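Engineer: Quick one: structure below, then a few questions.
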Amino acid sequence: MGKKIIKAPNLKSKREITVVVLPEDVEKLKEEVAKEYRKKAKVKGFRPGKAPLSVVYKLYEKEIEEDAREEAIRRKVLEEVENTKEEVVSQIYIKEQKEREDGSIEVKCEFDVMPTFDMPNLSQIKIEKKIKKVLESDIDEEIEKLRKQFAKYIPVEEKAQEGLYLLVNYEDRLDGKLIKKQEKGLLHLKWDEMNPELFELFVDKGKGDTVVFEQEVDLKDGKTAKLVRKYEIVEVLKEELPELNDEFAKTLEFENLEKLREEIAERLRKANESKAEDDLEWAIIKEIYERINFELPESMVRNSYVFTLRSMGYEKEPEDENLRQAIYKLAEDLVKREIILDRFADIEGLEITDEELAEEIEKRAKEYNMSKEKYERELKKRGELEGLRNVLRRRKAMDAIKKLVNVEVILE
Numbered sequence: 007m008g009k010k011i012i013k014a015p016n017l018k019s020k021r022e023i024t025v026v027v028l029p030e031d032v033e034k035l036k037e038e039v040a041k042e043y044r045k046k047a048k049v050k051g052f053r054p055g056k057a058p059l060s061v062v063y064k065l066y067e068k069e070i071e072e073d074a075r076e077e078a079i080r081r082k083v084l085e086e087v088e089n090t091k092e093e094v095v096s097q098i099y100i101k102e103q104k105e106r107e108d109g110s111i112e113v114k115c116e117f118d119v120m121p122t123f124d125m126p127n128l129s130q131i132k133i134e135k136k137i138k139k140v141l142e143s144d145i146d147e148e149i150e151k152l153r154k155q156f157a158k159y160i161p162v163e164e165k166a167q168e169g170l171y172l173l174v175n176y177e178d179r180l181d182g183k184l185i186k187k188q189e190k191g192l193l194h195l196k197w198d199e200m201n202p203e204l205f206e207l208f209v210d211k212g213k214g215d216t217v218v219f220e221q222e223v224d225l226k227d228g229k230t231a232k233l234v235r236k237y238e239i240v241e242v243l244k245e246e247l248p249e250l251n252d253e254f255a256k257t258l259e260f261e262n263l264e265k266l267r268e269e270i271a272e273r274l275r276k277a278n279e280s281k282a283e284d285d286l287e288w289a290i291i292k293e294i295y296e297r298i299n300f301e302l303p304e305s306m307v308r309n310s311y312v313f314t315l316r317s318m319g320y321e322k323e324p325e326d327e328n329l330r331q332a333i334y335k336l337a338e339d340l341v342k343r344e345i346i347l348d349r350f351a352d353i354e355g356l357e358i359t360d361e362e363l364a365e366e367i368e369k370r371a372k373e374y375n376m377s378k379e380k381y382e383r384e385l386k387k388r389g390e391l392e393g394l395r396n397v398l399r400r401r402k403a404m405d406a407i408k409k410l411v412n413v414e415v416i417l418e
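Here our numbering is used: the first residue of the sequence shown is 7, the next is one more, and so on.
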């Protein structure tokens, strides 16, 4: 397949246009609008859709005039936007509309377009791919996590001290009103894992004792309230981990402890490789963007921000300003990546064949334990089939870019 005809570079994404709608442009549309009104108008003495246009004009003169003006403006704006030959990625907003002395209408509009640019010389880009080595201490840490999953918690008669666990019931009251109640929660009594003040309240307490922790909290309306959490210690517990031996490995369906360590090492190696590859790709995108520095379409960033919030489980914006800024920065980076990869794919004429798409659908269908046909129907039903093609196209573009830049592999 040959390369596409590529638009000339234009790093700006915001566009403004001004159009003039003449009185005759509006006049030409009045009959068309009147015919639409006639289809729905109920005119006494005439069947629906059969009333003379002159009667319809008389009954709906003001409405026809307004609709004809709006339609004339819409068509003129769309015509002018189409003449720009640019990819519009937002709604078209009317910023200003005014009547001229000659009866014409001047309209100023604003919209976002996809920025266009030439790719930098990728062979001059040098990126380090840092792969973290798997250390014995990393394997030990993972094994400790597994042991904790099989831990037993044994009641003890001693008082609460650093490192022990507490089985507690608690309730929260906000300005005296009960807002939460929890039974048999497990607390690890460690100074660096909990509020230091709360830690001190628990030290030397025992079974049956009560701990009350108070703090002022900020409310959404800018006011503050007193939050009181009352704990009842049900038991003081000691963690008992399973002995680390071949028998423990067998409970995890491994032949022995050595095989378990080998499996963990391989899993960590793959995870480190995957992270290094992901970091490499983002480093490449960052380097390319800094060499081009195109303007990000505001509408695309906003859509990306909303999508990212939802994918992270937020139904609305978080209250924490730092968190909002971090998520917005991620949304910007996602848009940079999408635009760069799409532009590269356009320049190089990269496309996804139907065979490649079918192969990916079959692969994903197996992961979801579905038939290929059913999964494809679901994609079509949700309107996501072309979206998947775009994802694959960007993946192909990223793979091609990685072959063109200079990558230095470093084992850390």
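Just so it is clear, CB atoms sit at the ideal spot from N, CA and C, and this is done for glycine as well.
Given the structure is predicted, the values throughout are model-derived calculations rather than measurements.
(1) Ends of the beta strand (DSSP E) at N412?
(2) Could you say which of L233, V61, E418, F350 lies nearest to I185 if we only look at CA atoms?
(3) When DSSP labels each residue in this structure, what does T359 get in the three-state scheme?
(4) Please tell me whether K135 and L286 are closer than 7 Å, where the distance is taken between their beta carbons.
(5) For T257, does the three-state DSSP call read helix, strand or coil?
(6) On the three-state DSSP scale, how would you describe A74?
(7) Would you kindly report the start and end of the unbroken alpha helix (DSSP H) that includes K276?
(8) Using the beta-carbon count (16 or more within 10 Å), is P462 buried or exposed?
(9) When the Cα of E365 is compared with those of Y381, E293, A351, which residue comes out closest?
(10) Does P126 come out as helix, strand or coil in the three-state DSSP assignment?
(11) Rounded to the nearest angstrom, how far is the Cβ of A271 from that of I145, given a contact under 8 Å?
(12) Could you give the residue range of the alpha helix (DSSP H) that holds A166?
(13) Alpha carbon to alpha carbon, what distance is there between A231 and L180?
(14) Return helix, strand or coil for F208, following the three-state DSSP convention.
(15) Going by alpha carbons, who is nearest to K226 out of E105, E293, E325?
(16) Starting from T216 and walking both ways along the beta strand (DSSP E), at which residues does that stretch end?
(17) What separation, rounded to the nearest whole angstrom, lies between the Cα atoms of V113 and E22?
(18) Rounded to the nearest angstrom, what separates G169 and K211 at their Cα positions?
(19) Considering only residues of the same chain and omitting the five flanking positions on each side of L343, which have a CB-CB separation below 6 Å?
(20) At the level of alpha carbons, what is the spacing between E261 and I149?
(21) What does the Cβ neighbour count give for G8, buried or exposed, with the cut at 16 atoms within 10 Å?
(22) Rounded to the nearest angstrom, how far is the Cβ of L195 from that of Y171, given a contact under 8 Å?
Structural biologist: A quick look at the data gives this:
(1) Residues 412-417.
(2) Measuring from the Cα of I185, the nearest candidate turns out to be L233.
(3) Look at T359 here: in three-state DSSP terms it is coil, with no helix or strand label.
(4) Inclusion of K135 and L286 in the CB contact set at 7 Å is warranted, their separation being smaller than that value.
(5) Reduced to three states, the DSSP call for T257 is helix.
(6) Looking at A74 - three-state DSSP - the assignment turns out to be helix.
(7) K276 -> alpha helix (DSSP H) spans 263-298.
(8) A query on residue 462 cannot be resolved here, the shown segment of the chain reaching from 7 to 418 and no further.
(9) Comparing alpha-carbon positions, the option among Y381, E293, A351 lying closest to E365 turns out to be Y381.
(10) In the displayed model, P126 falls within coil according to three-state DSSP, outside both helix and strand.
(11) With a Cβ gap of about 6 Å, A271 and I145 count as contacting.
(12) Per DSSP, A166 is not a residue of any alpha helix (DSSP H), being assigned neither H nor E.
(13) One Cα belongs to L180, the other to A231, and the distance between them is close to 7 Å.
(14) Helix at F208.
(15) Of E105, E293, E325, the residue nearest in Cα terms is E325.
(16) Start and end: 216-224.
(17) Straight-line Cα distance between these residues: approximately 10 Å.
(18) Taking the straight line from one Cα to the other gives about 14 Å.
(19) Per the sequence shown, the amino acid found at residue 343 is Arg instead of Leu. Once the five neighbours on either side are set aside, the close Cβ partners of R343 are I291.
(20) Each residue's alpha carbon lies about 15 Å from the other.
(21) In this prediction, G8 scores a pLDDT of 48, lower than 50, which makes its location untrustworthy; the coordinate-derived value is nonetheless stated afterwards. Flag for G8 reads exposed.
(22) Contact holds; Cβ gap of about 7 Å.
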